[in-house]
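Residue numbers (the numbering used here), protein chains in the order written: chain A, 39 to 177; chain B, 10 to 236; chain C, 28 to 337; chain D, -15 to 215.
Virtual Cβ for every residue (Gly too), placed ideally from N, Cα, C.
Structure first, then comments.
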């Protein structure tokens, strides 16, 4: 799925933590509002398209990308960052239509995660842009 | 991105009247963002078609939303499904509808939205046109305000004699693009870019556009024809 | 001489020019053009024949130009950018020149939403300044837009419009300069009511040396009534009708308002004749062609130079 | 020795700790509401005249009706009726039971000499039982449903425990199960802890819930405020 994105450059911890500090208030508020109710699931068409796989749930994607960065204050490994990149680029198209009963701006959280990852030189590589067509399994 | 508007329900009903098994296909791209053709709209359309006096009481309506309809790899997700239906409604932009119809040439495809323009999100549910995709961008000369799109007469050497109170004579709610261009350039101290005459341009609308990215040319151009 | 245009001859001779306006009918009605032409004959040096003005379908400008010419008038062929692409424009220009129409006025044109076919597709392939440049290239270089040579280039005296009162005010003179640079030989302005502002604009043009390069004709439209004055002030963009004129029209009885309006018009013309750098008057008596002789006489603009005197 | 510890804890929980908890709750809630309010008010107002021309066609009455139907059928209420119903019931009882319990009312009378309204004890008992059953439902949901499992961590279970503890102990105390003094002390402690953590943890989603509906404009609500919690 993600052929050659595993660069082994070291993390730039200073800039990572700086960005996290800068967005701390916004992240804390949004993450704290998540009651873990999972009602956002159906609003994601990818969740529906992929046989209700929980890893397409909007809350899952936020909690396991930005949420993890926030909780661990940026102390994450390169591999973990790449997993997050998979979540926020491959499992999300940022269509902006997720529903949260508590008003969490999920797309904003995903795009913040993308921003942080880009700052670490980890950008989502879409499979097809490398010329390897990915045929989706029909649901 | 591309902004679209859902077609009037009546029009959709008329189009699908002869068919009894209809699949509505949403698109997770641009039309999702502008609340016209995402999963919610696809599902909503089904609910509306089923609930309203459908042309045929035995009709079956289903929906599915895929990542984007303007790429064949995502359309592949539909391959095993489409056979079960005798008509498709695509909620994608005009480009997506055509690509879908191309992939499933034996099934009638109907558009569920009217593609409006390339535009911006001023706020949720409020979209504005910004680009006519004319293919030869002059925004650098016009202070980042498009004369082709934002001027009702698409003047390159505006403003015309019509603006009133800073607004376009055609519509009092639309600011005059050329006044805005003038004011912004004046503030930036580079009026010279519009005091010079902008010559007549070549409109790049002669054939349907095609782009071959340089790195990929050799991949698609047949042997011996590479330039 | 750039053309065989009578307007050009008069302007070059330094005489104070007077042009009028004639709106073609909404039908294949040559008689109505002739009737209107009769009022203007001998009164004005040239007549603008409008091109589907306010985007309402009318007899083509070129068609009406020919009828006016048959009636002994010198037509000014108006052409707007709204309805034609550059192929149609160039071919019409060739046709006009071949038929002896040697004066034209290049305009952007009123937007189609104002007219009777608001849903039609707009063209605006060129804008008015690009159109000016195109006609100039055709005439002076004998080339089409494509660069191809024209066998017999059209001899055209090229006009453009200017609105001294529209927004943004600071840019208006720049736009005039652009039109001159693009190829305008003469300019007809939007209706002038505010004489002070017009004088200021003209002074600017003089300071920039534009009056040396182009003949400026001031647009004048008699106010037919108080209602018209108010309407112009309120609803017509870039139209600055001073309160003074409105007060004057209010001061007389309704049946005398037309006379008072003509009075005002004549006073304006008198003042304009004194303005340095002004080459003439463009009298737009909208649907009032029959009153033109009276105004022209009152304003002391008679007699007009006879063609054979030139 | 044990009794002494329990008594000390009881006195502490009923006295200074209760005051502290009440204070922290009030300050916390006010702080949160203020924070949310500041973040959701519109800083720059964008508006258009009612007559503005748009390309949006006007809907027919039939379309409006069908639109409403489509909205309702896609709402959380229609998609998850059980969850929706249990949530409403749970939260309603969660608010009402502690505020309207006779025991609590008597405590207030003892402290300030005023008697807040209260409901008959058997009714409160049923409400508490409802809360416990609903709590069990949430717990099972978290344990069993893959979609909830996927986003659950230890904190979620701990906090669910925090919410359930006062009700469980209160229920036991009312029925005089176990040693009454110990249970009531635990009840007091658990209640205080809940009050303290409420504004600062995800239990505070109750504040968000109301705020979202009132202040954040989105495709899901009628509110006219800011789209997002701007920070």
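When the cut-off is 9 Å and only beta carbons count, does residue 19/B lie next to chain D?
yes
Evaluate the contact criterion for the region 127 to 136 of chain C versus the region 147 to 156 of chain C: three or more CB pairs, one atom per stretch, below 8 Å.
yes
Collapsed DSSP secondary structure at residue 260/C in the structure displayed
helix
What distance in whole Å lies between the Cβ atoms of residue 214/C and residue 177/C, which are believed to be in contact at a cut-off of 8 Å?
Between residue 214/C and residue 177/C the Cβ distance is about 26 Å, and since that is not below 8 Å, they are no contact.
Residue nearest to residue 122/B in terms of C-alpha spacing, selected from 28/B, 111/B, 100/B and 134/B
100/B
Within the same chain, show all residues whose beta-carbon is closer than 8 Å to that of residue 265/C, passing over the 5 residues directly before and after it, in chain order.
190, 192, 193, 194 and 217
Label residue 10/D either buried or exposed according to how many other C-beta atoms from any shown protein chain fall within 10 Å of its C-beta, with 16 as the threshold for buried.
exposed
What do you reckon, are the CB atoms on residue 299/C and residue 247/C nearer than 9 Å?
yes
Check distances from the C-beta atoms of the region 120 to 150 of chain D to those of chain A and list, in chain order, the residues that come in under 8 Å.
126, 129, 130, 131, 132, 133, 134, 135, 136 and 140
Could you run through the region 125 to 136 of chain A and flag, in chain order, every residue whose CB is less than 7 Å away from some CB of chain B?
131, 133, 134 and 135
Is residue 145/C closer than 9 Å to residue 128/C when the C-beta atoms are compared?
no
Where the beta strand (DSSP E) through residue 135/B begins and ends:
135 to 140
Can you check whether the C-beta of residue 170/B is within less than 9 Å of a C-beta belonging to chain C?
yes
Leaving out five residues before and five after residue 164/C in sequence, what residues of the same chain have Cβ atoms less than 7 Å from its Cβ?
170
Sort out for me which residues DSSP pairs residue 145/B with in a bridge.
DSSP output for residue 145/B lists no bridge partner at all.
Which residues of chain C have a Cβ atom closer than 9 Å to the Cβ of residue 147/B, listed in chain order?
Chain C residues near residue 147/B: none, gap ~13 Å exceeds 9 Å.
Whose CA, out of 38/C, 284/C, 124/C and 208/C, lies closest to the CA of residue 205/B?
208/C
Using a Cβ-Cβ cut-off of 9 Å, state whether residue 108/A counts as contacting chain D.
no
With 9 Å as the threshold, decide whether the Cβ of residue -11/D is near any Cβ in chain B.
no
May I ask which residues mark the beginning and end of the beta strand (DSSP E) holding residue 153/A?
From DSSP, residue 153/A is part of no beta strand (DSSP E) but of the alpha helix (DSSP H) over 144 to 157.
Since I believe residue 151/D is in contact with residue 112/D (beta carbons under 8 Å), could you give me their beta-carbon distance rounded to a whole number of angstroms?
5 Å
Nearest-angstrom Cα separation, counted from residue 102/B out to residue 124/B
5 Å
On the three-state DSSP scale, how would you describe residue 30/B?
strand
Assuming residue 174/D contacts residue 153/D under a Cβ cut-off of 8 Å, what Cβ separation, rounded to an integer in Å, is found between them?
6 Å
Check the Cβ-Cβ distances between residue 108/C and every residue of chain B, and say whether any is below 9 Å.
yes
Taking DSSP's pairing of strands, which residues face residue 60/A in a bridge?
Answer by DSSP bridge pairing: none, since residue 60/A is not bridged.
Check whether residue 81/D and residue 108/D have beta carbons under 9 Å apart
yes
Mind checking whether residue 83/C and residue 42/C have CB atoms under 9 Å apart?
no
Can you look up residue 132/B in the DSSP assignment and give me helix, strand or coil?
strand
Report the three-state DSSP secondary structure of residue 93/B (helix, strand or coil).
coil
Residues sharing a beta bridge with residue 219/C, DSSP:
Residue 219/C pairs with nothing; no bridge assigned.
Would you mind reading off the limits of the alpha helix (DSSP H) that contains residue 120/D?
105 to 128
Determine, using beta carbons only, whether residue 139/B and residue 160/B come nearer to each other than 9 Å.
no
Is residue 92/A near residue 81/A, with beta carbons less than 9 Å apart?
no
Could you give the DSSP three-state label for residue 71/B: helix, strand or coil?
strand
Count the other CB atoms, across all protein chains shown, that sit within 10 Å of the CB of residue 171/A; report buried if there are 16 or more and exposed otherwise.
Legend: pLDDT at residue 171/A = 40, less than 50; position of this residue unreliable, value from coordinates given subsequently. Exposed, by the Cβ-count rule.
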